[in-house]
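Every position in the sequence shown, counted from 1, becomes a number in the working numbering once 407 is added.
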Amino acid sequence: MEKYIIKGGKKLSGEVVISGAKNAVVAILPAVILSDEPCVIENIPGISDVTITLQIMSEMGAKIRMINKTTVEIDPRGLMNLPIPYDKAKRMRATTYFLGTLLGRFHSAHVSMPGGCNLGDRPIDQHLKCFAALGTTCELEGGMIHLSADRLIGNQIFFDKNSVGATINGIMAAVKAEGLTIIENAAKEPHVVDLANCLNSMGADIIGAGTDVIKIRGVKSLHGTTYSVIPDQIEAGTYMAVAAATKGDILIKNVIPKHLEPITNKLLKIGVKVEQFDDAVRVVGGEGYVGTSIKTHPHPGFPTDMQPQLSAVLACANGTSMITESIFDNRFRYVDELRRMGANISVEGRVAVIEGVERLKGAPMRATDLRAGAALIVAALGAEGTSEIYDIFHIERGYENMEIKLKALGADIEKIDEPEEPGEESRKAI
Ligand code: EPU
Numbered sequence: 408m409e410k411y412i413i414k415g416g417k418k419l420s421g422e423v424v425i426s427g428a429k430n431a432v433v434a435i436l437p438a439v440i441l442s443d444e445p446c447v448i449e450n451i452p453g454i455s456d457v458t459i460t461l462q463i464m465s466e467m468g469a470k471i472r473m474i475n476k477t478t479v480e481i482d483p484r485g486l487m488n489l490p491i492p493y494d495k496a497k498r499m500r501a502t503t504y505f506l507g508t509l510l511g512r513f514h515s516a517h518v519s520m521p522g523g524c525n526l527g528d529r530p531i532d533q534h535l536k537c538f539a540a541l542g543t544t545c546e547l548e549g550g551m552i553h554l555s556a557d558r559l560i561g562n563q564i565f566f567d568k569n570s571v572g573a574t575i576n577g578i579m580a581a582v583k584a585e586g587l588t589i590i591e592n593a594a595k596e597p598h599v600v601d602l603a604n605c606l607n608s609m610g611a612d613i614i615g616a617g618t619d620v621i622k623i624r625g626v627k628s629l630h631g632t633t634y635s636v637i638p639d640q641i642e643a644g645t646y647m648a649v650a651a652a653t654k655g656d657i658l659i660k661n662v663i664p665k666h667l668e669p670i671t672n673k674l675l676k677i678g679v680k681v682e683q684f685d686d687a688v689r690v691v692g693g694e695g696y697v698g699t700s701i702k703t704h705p706h707p708g709f710p711t712d713m714q715p716q717l718s719a720v721l722a723c724a725n726g727t728s729m730i731t732e733s734i735f736d737n738r739f740r741y742v743d744e745l746r747r748m749g750a751n752i753s754v755e756g757r758v759a760v761i762e763g764v765e766r767l768k769g770a771p772m773r774a775t776d777l778r779a780g781a782a783l784i785v786a787a788l789g790a791e792g793t794s795e796i797y798d799i800f801h802i803e804r805g806y807e808n809m810e811i812k813l814k815a816l817g818a819d820i821e822k823i824d825e826p827e828e829p830g831e832e833s834r835k836a837i
């Protein structure tokens with residue numbers, strides 16, 4: 408079992424280069440299954456979600472060749488429509504994307520329900536509603552979702568809930584369907600746009616990605632492409648939070664500053680300096696931040712995936728901050744861990760109230776999910792004394808070489824491997 412040991416209190420400074428976006432790549436890699444030719448995907452991050460996705464595709468018969476550390480060539484021609492059982496599906500939520508892409512290619516798919524989630528209830532009713540609208544029969548048996556369609560026929564779909572996953576799955580299923588599919592109340596996140604751009608570079612006809620209404624005119628086939636994944640908005644935002652919490656000065660490179668605006672605006676509001684360049688932001692922290700209110704919203708609102716990291720910064724801001732989580736019903740599990748460091752945070756339902764304290768003190772803590780883990784790192788780096796962070800496999804799902812990147816900025820962080828306690832393995836379902 409690996410853990411991080413962090414000695415906090417150092418001002419971090421220097422440059423960090425952001426990797427490709429997790430939430431884009433976990434859609435783009437399965438989307439290659441829709442192509443009739445090999446595809447080259449560049450700027451893929453070295454994270455465990457990518458390893459798992461490529462492993463699943465390889466076991467199904469796709470030929471995977473790493474051209475270098477960030478570029479993969481995938482030949483999906485020999486891929487067989489094998490079921491994806493629970494032991495694979497439980498490892499990451501994004502295995503649901505195999506539903507849309509296998510349905511699009513084979514007109515059937517057999518994928519286990521992804522299982523419980525650390526953020527609370529995460530139904531996939533909107534995904535299934537979309538598949539059904541395209542002419543698919545959906546059956547659930549023994550925890551497996553079975554989809555089958557004689558023909559996929561375009562339709563108009565209105566999502567009752569603004570959902571990234573359902574929008575992505577809808578696009579994948581519709582891209583080779585007959586006729587026109589119109590998705591209304593679509594998610595507008597940068598990774599939705601990136602997936603659509605990638606599919607268009609393969610010959611798809613998708614317009615409107617990034618707006619509420621996406622129109623997909625089905626095409627008969629898709630060809631190969633070479634496509635570079637966008638930089639990770641949330642990894643970049645996390646390093647912005649690191650600069651703020653450590654009162655540091657960090658130039659964050661390979662970013663799309665527009666994607667960071669909701670984060671930038673909050674940091675500016677509390678007293679952090681942020682300078683924007685074409686493809687970089689410089690974040691300079693200091694003393695005496697002021698508390699603020701944050702409410703998470705779908706893009707272009709403040710991203711739920713940055714809520715824990717910003718709370719870690721606000722734990723030491725002057726006065727009261729109020730954090731309202733409007734996407735997930737259980738995204739404050741990190742609060743108990745921050746309390747161990749001396750944070751004064753109370754949670755009532757989907758609202759957390761933070762009374763800023765002068766400083767946090769290092770403590771042993773457990774990452775309960777990916778962004779919760781990132782928040783603990785932010786807090787530990789800014790705190791006095793030593794923290795130990797357990798269950799870092801959550802963090803490695805979405806952050807490439809985090810300890811190496813932080814060390815290069817001057818952090819005192821070590822990754823230690825400890826023998827596993829009995830029963831630890833069962834906790835690793837993600
Ligand atoms: N929802 C439904 N029915 C559905 C689908 C979603 O009720 O069929 C609800 C969810 O329960 C949630 C809300 O709609 O309350 C939004 O869920 P969404 O489908 O947008 O989330 P997701 O696709 O499961 C992606 C990201 C998450 C990110 C959310 C919100 C990926 C692989 N995951 O999840 O990323 O928090 O969108 O932006 O793209 C993370 O990176 O740490 C992470 C959790």
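Note that CB positions come from ideal geometry on N, CA and C, so glycine has one too.
First and last residue of the uninterrupted beta strand (DSSP E) at E480: Following the DSSP letters along the chain, one finds E480 inside the beta strand (DSSP E) bounded by residues T478 to D482.
Using only the heavy atoms of ligand 1, determine whether one of them is closer than 7 Å to the beta carbon of K429. It does: the Cβ of K429 is within 7 Å (strictly closer) of some heavy atom of ligand 1.
Contact test: Q716 Cβ vs ligand 1 heavy atom, cutoff 7 Å: Checking every heavy atom of ligand 1 against the Cβ of Q716, none is found closer than 7 Å.
Cutoff 6 Å; reference S465; Cβ partners in own chain excluding five residues on either side: Only I471 meet the Cβ criterion.
With 16 as the cutoff for other CB atoms within 10 Å, does D528 come out buried or exposed? Looking at its Cβ environment, which holds fewer than 16 other Cβ atoms inside 10 Å, D528 is exposed.
Is V433 near ligand 3, going by C-beta to nearest heavy atom under 7 Å? Among the ligands modelled here, namely ligand 1, ligand 3 does not occur.
In whole angstroms, what separates the C-alpha of H801 from that of D743? Cα to Cα, H801 sits roughly 17 Å from D743.
Classify R500 as helix, strand or coil using the three-state DSSP reduction. Of the three classes helix, strand and coil, the one that applies to R500 here is helix, per DSSP.
On the three-state DSSP scale, how would you describe M487? Under the three-state reduction of DSSP output, M487 falls in the coil class, being neither helix nor strand.
Less than 8 Å between the CB atoms is what I'm expecting for I817 and G421, so what's the real figure, rounded? The sequence as given places Gly at residue 817; Ile does not occur at that position. About 7 Å separates the beta carbon of G817 from that of G421, a gap short enough to meet the 8 Å contact definition.
Where does G421 fall in DSSP's three states? Reduced to three states, the DSSP call for G421 is strand.
Is A648 closer than 8 Å to Q716 when the C-beta atoms are compared? Closer than 8 Å, so yes.
N-terminal and C-terminal residue of the beta strand (DSSP E) that H553 is part of: First-last of the beta strand (DSSP E) with H553: M551 to S555.
Where I820 sits in the DSSP three-state scheme: In the three-state reduction of the DSSP assignment, I820 falls in the strand class.
Along the chain, where does the alpha helix (DSSP H) that runs through D601 open and close? Membership of D601 in the alpha helix (DSSP H) is indicated by the continuous run P597 to S608.
In chain order, what residues of the same chain lie with their CB nearer than 8 Å to the CB of C545, ignoring the 5 residues before and after it? Correct list, in chain order: L535, F538, A539, I552, H553 and L554.
Beta-carbon contacts of D619 that lie in its chain and below 8 Å, excluding the five residues immediately before and after: So the qualifying residues of the chain are E591, N592, A593 and K595.
Please list the terminal residues of the continuous beta strand (DSSP E) segment that includes F739. No beta strand (DSSP E) contains F739, which DSSP labels as neither H nor E.
Just to check, is the beta-carbon of V785 closer than 7 Å to a non-hydrogen atom of ligand 1? No; taking the cut-off as 7 Å, the Cβ of V785 has no heavy atom of ligand 1 nearer than that.
Quick test of the definition: if touching needs 3 or more C-beta pairs under 8 Å, does the segment 770 to 778 touch the segment 678 to 695? Taking a contact to require three or more Cβ pairs closer than 8 Å, the segment 770 to 778 and the segment 678 to 695 do not qualify as touching.
When DSSP labels each residue in this structure, what does S455 get in the three-state scheme? Looking at S455 - three-state DSSP - the assignment turns out to be helix.
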